[in-house]
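**Student:** My questions all concern the structure below.
There are 2 protein chains.
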Amino acid sequence: MAKKTGEKYQAIINAAVRVIAQHGYHNAQVSRIAREAKVADGTIYLYFENKDDILISLFNEKMGQFIATCRDLCNKADTVEQKIYVLVHSHLSQLANDKEFSVVTQIELRQSNPVVSKGIGEVLKQYFSLIDDVIREGVEAGVFRDDVDVRLARTMVFGTLDQTVTAWVMRQCKHDLVSQVDPIHNLFLNGLIRK
Amino acid sequence: MAKKTGEKYQAIINAAVRVIAQHGYHNAQVSRIAREAKVADGTIYLYFENKDDILISLFNEKMGQFIATCRDLCNKADTVEQKIYVLVHSHLSQLANDKEFSVVTQIELRQSNPVVSKGIGEVLKQYFSLIDDVIREGVEAGVFRDDVDVRLARTMVFGTLDQTVTAWVMRQCKHDLVSQVDPIHNLFLNGLIRK
DNA sequence: GATTAATGAATGACCATTCATTCATGATTT
DNA sequence: AAATCATGAATGAATGGTCATTCATTAATC
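Going down the list, the protein sequences come from chains A and B.
For the first sequence, this note's numbering assigns the number 550 to the initial residue and increments by one for each residue that follows.
For the second sequence, this note's numbering assigns the number 550 to the initial residue and increments by one for each residue that follows.
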């Protein structure tokens, strides 16, 4: 049971993103998602185990896409500097183009239901290791300082991007995200200090 | 009504931190917090408006302390580099010393009840402007590059620290947080690139 | 004895999930 | 080709469990 394909499956996931983004996680009742997807309440349970499963599936589906795009673009870049640039750019531009999903990831899905966290954690790890690979390459190629700790550098990259997107969402997605790409890239590579 | 002082007020707040950290936000029923605080369910409502108010008060009380400590330590530092160091150090060391509060801030309180978010946002802003002040000082003193965007640099600093603590909490607070202070400080000031 | 603090059982709202029933589609039989 | 049957998708009203909140009552304090 709970077949995870088909037109209605997608419809429910898209409805869930919309409902959660607009009404908040707390008012995202299953029946509201069903109504938005133009489906009966019970139909939800033909496609999803339970409410948590909707959230996990939603995140995995969309985040999976997100990571795949990042990875593809990264592979096309030649230098390590460019790869970092691509990471920053694709993170920000993809979320800038999907405000509803951004609201869901940055605000609504940060709740602590352990089942949901676990489901989400798996996909996030993939993203982390993509960033790790780029940084490791930079260290091994001698472009980055050789005392750079890969995990820490990744934490800085992800932490900064994540916080940038959160601030944008908090301010109603009003300003332009992509214009931050260059300054962020510069800050990562050169730091704060004037030389 | 809802007097926000006294021994029981503190007892309830401390109980809430413990209950939320140990059982998760979802299982932090008011009656459980009451039991942990050795107080009757109804007593909670003599000190707090409602459940949200417990969370907001908890965050404001503890985070207020946190910021005051950061500010004091910062004021004692002479150079801008040292002030950045102090920010990194006091952020990490304070949270390292209060694992239960860390779990609450990094995981359990990231849920999206708009009332709670709003209550929390106010205090967070104070912390942001403390970081902003330090960075602005660095730019004005000519220690930092003069094209450094203050808000962006703050986003990097906060985003990195926040993500560092989150990763620590996720891995059961096992490794040493404070040992990351030097590498993070170095990364902020000098960036990734080998010179 | 009056005022204030504390109690905890009872209430009622909320909402995820279930399941008896209906509907749609296609196969099989006559 | 009409009639019958079979399958499983879809429905949505009903259920049941969970808690935040209330408030009548009791205890403490001045």
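Where a beta carbon is used, it is the ideal one built from N, C-alpha and C, also for glycine.
Alpha carbons only, please: which of Ile-680(A), Glu-657(A), Asp-621(A) and Val-730(A) is nearest the one belonging to Tyr-718(A)?
**Tutor:** Correcting the residue identity first, residue 718(A) is Val in this sequence and not Tyr. Considering only alpha carbons, the answer is Glu-657(A).
**Student:** Compute the beta-carbon to beta-carbon distance between Ile-561(A) and Val-588(A), rounded to the nearest angstrom, for a pair I have assumed lies under 8 Å.
**Tutor:** Right, the Cβ-Cβ distance comes to about 6 Å (below 8 Å), so this counts as a contact.
**Student:** Return the Cβ separation of Val-653(A) and Asp-601(A) in integer angstroms, given the expectation that the two are a contact with Cβ distance under 8 Å.
**Tutor:** That belief does not hold up - the Cβ atoms of Val-653(A) and Asp-601(A) are roughly 14 Å apart, past 8 Å.
**Student:** Anything in the stretch 700-716 of chain B with a Cβ closer than 7 Å to a Cβ of chain A? List those residues in chain order, please.
**Tutor:** Residues Leu-701, Ala-702, Thr-704, Met-705, Phe-707, Gly-708, Thr-709, Asp-711, Gln-712, Thr-713 and Ala-716.
**Student:** Do Val-629(A) and Ala-690(A) have their CB atoms nearer than 9 Å?
**Tutor:** Contact: yes.
**Student:** Excluding sequence positions up to five away, which residues of its chain have a Cβ less than 8 Å from the Cβ of Ala-551(B)?
**Tutor:** Same-chain partners within the cutoff: Tyr-594, Leu-595, Tyr-596, Phe-597, Glu-598 and Asp-602.
**Student:** Grab the span of the alpha helix (DSSP H) containing Thr-618(A) for me, first residue to last.
**Tutor:** Segment 600-625, the alpha helix (DSSP H) holding Thr-618(A).
**Student:** If you pair each beta-carbon of the stretch 707-714 of chain B with each one of the stretch 681-698 of chain B, do three or more pairs fall below 8 Å?
**Tutor:** Taking 8 Å as the limit for Cβ pairs, the verdict is that the stretch 681-698 of chain B does not touch the stretch 707-714 of chain B.
**Student:** First and last residue of the alpha helix (DSSP H) that includes Tyr-558(B)?
**Tutor:** Run containing Tyr-558(B): 556-572, per the alpha helix (DSSP H) assignment.
**Student:** What does Gly-691(A) touch in chain B if you count any residue whose Cβ is under 8 Å from its own?
**Tutor:** Neighbours of Gly-691(A) on chain B, chain order: Arg-743.
**Student:** Kindly list, in the order they appear in chain A, the residues whose Cβ is closer than 7 Å to that of Ile-733(B).
**Tutor:** The answer, in chain order, is Leu-701.
**Student:** How is the alpha helix (DSSP H) around Ala-713(B) delimited, first residue to last?
**Tutor:** The identity of residue 713(B) in the sequence shown is Thr, whereas the question assumes Ala. 699-719 is the extent of the alpha helix (DSSP H) around Thr-713(B).
**Student:** Would you say Asp-695(A) lies against chain B (beta-carbon separation less than 9 Å)?
**Tutor:** Yes, Asp-695(A) lies at the interface with chain B (some Cβ there is under 9 Å from its Cβ).
**Student:** Kindly list, in the order they appear in chain A, the residues whose Cβ is closer than 7 Å to that of Leu-739(B).
**Tutor:** Leu is not the amino acid found at residue 739(B); the sequence shown has Asn there. Going along chain A in sequence order, the residues near Asn-739(B) (Cβ under 7 Å) are Gly-740 and Ile-742.
**Student:** Closest to Gln-571(A) by C-alpha separation, out of Ser-651(B), Asn-662(B) and Arg-743(B), would be which residue?
**Tutor:** Here the closest residue by C-alpha is Asn-662(B).
**Student:** Throw me the rounded Cβ distance for the Val-730(A) and Val-637(A) pair, which I believe falls under 8 Å.
**Tutor:** Their Cβ separation, rounded to whole angstroms, is 5 Å, which keeps Val-730(A) and Val-637(A) in contact under 8 Å.
**Student:** Report the neighbours of Val-687(A) on chain B: residues whose CB is nearer than 7 Å to its CB, in chain order.
**Tutor:** Per the sequence presented here, residue 687(A) reads as Gly, with Val not at that position. The answer, in chain order, is Leu-741.
**Student:** Could you confirm whether any beta carbon from chain A is found closer than 9 Å to the beta carbon of His-638(B)?
**Tutor:** So no, His-638(B) is outside the interface.
**Student:** Does the beta-carbon distance from Gly-687(B) to Asn-609(B) come in below 9 Å?
**Tutor:** Not closer than 9 Å, so no.
**Student:** Quick check on DSSP: helix, strand or coil for Phe-693(A)?
**Tutor:** In the structure shown, Phe-693(A) sits in a strand (DSSP, three-state: E or B).
**Student:** Report the neighbours of Gln-729(B) on chain A: residues whose CB is nearer than 8 Å to its CB, in chain order.
**Tutor:** Neighbours of Gln-729(B) on chain A, chain order: Leu-701.
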